[in-house]
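Only one structure is covered here, and it is reproduced in the block below.
Residue numbers (the working numbering): 17 to 205.
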């Protein structure tokens, strides 16, 4: 949000969740010539999927696993699209996908909408992911899974990364927290 302020954006706080804010923004874009560039925008996913191409180009093949935080589920859907497309073109393989949600905001893990999502990881504090259905389809297709982690695990992963010189906001540490939980990895990597 700080970057937005630096560039002169007007910040409006609403009462409610990210899901409530998304409903408002969708209504605004129907009435004004504003592009909505979050997970519901198909062009965003088309651009973002190229990150999967870059991963394959750097590694020479798809990794065994890709662990990603999941909020609105656009990221995991876009990466899956990219790995799928690249594999169809270059037979580079596809990774298993590990999607990670916070326990207090884990509708894809529990199978039900979370009316009042709660987590320290604000970027994934979403109770009804816009791309949830597609994410579940891709995770199933790729032989992966979606897990939930506690806020304490997210904060421990954030600290672990910071000790390696990598600073991330809490949601960005959720992937590592999920990896640690899924593979029962110790506190150092």
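All C-beta atoms in this analysis are idealised placements derived from N, C-alpha and C, irrespective of residue type, glycine included.
Return yes when the Cβ of residue j is within less than 8 Å of the Cβ of residue i, no when it is not.
i: residue 117; j: residue 162; result: yes
i: residue 194; j: residue 147; result: no
i: residue 93; j: residue 172; result: no
i: residue 153; j: residue 119; result: no
i: residue 28; j: residue 21; result: no
i: residue 45; j: residue 52; result: yes
i: residue 169; j: residue 197; result: yes
i: residue 103; j: residue 78; result: yes
Quick one: give me the first and last residue of the beta strand (DSSP E) that residue i is part of.
i: residue 112; result: 112-118
Taking 7 Å as the line, does the beta carbon of residue i fall inside it for any heavy atom of the ligand GDP?
i: residue 18; result: In the structure shown, the ligand GDP is absent, as is every other ligand, since no ligand is present at all.
On the premise that residue j lies in contact with residue i, defined as a C-beta separation below 8 Å, what is that separation, rounded to the nearest angstrom?
i: residue 98; j: residue 121; result: Between residue 121 and residue 98 the Cβ distance is about 25 Å, and since that is not below 8 Å, they are no contact.
i: residue 111; j: residue 124; result: Actually they are not in contact, since the Cβ atoms of residue 111 and residue 124 sit about 18 Å apart, beyond 8 Å.
i: residue 113; j: residue 96; result: 6 Å
Among all the DSSP beta bridges, which residues are the ones paired with residue i?
i: residue 84; result: 115
i: residue 162; result: 115
i: residue 68; result: Answer is none; residue 68 lacks a bridge partner.
i: residue 121; result: 118
Terminal residues of the continuous alpha helix (DSSP H) containing residue i?
i: residue 186; result: 186-199
i: residue 94; result: 90-106
i: residue 150; result: 148-157
i: residue 128; result: Unbroken run through residue 128: none, as it is neither H nor E.
i: residue 18; result: 18-22
i: residue 135; result: Unbroken run through residue 135: none, as it is neither H nor E.
Step through the CB atoms of chain D and report whether any lies within less than 8 Å of the CB of residue i.
i: residue 73; result: The chain labelled as chain D is not found in the depicted structure, where only one protein chain is given.
Next item on the list: Would you check if the region 56-67 and the region 26-35 touch, i.e. whether three or more CB-CB distances between them fall below 8 Å?
Entry: no
Next item on the list: Taking 8 Å as the threshold, find out whether the region 85-96 comes into contact with the region 180-195 through three or more Cβ pairs.
Entry: Cβ pair count under 8 Å is three or more, so yes.
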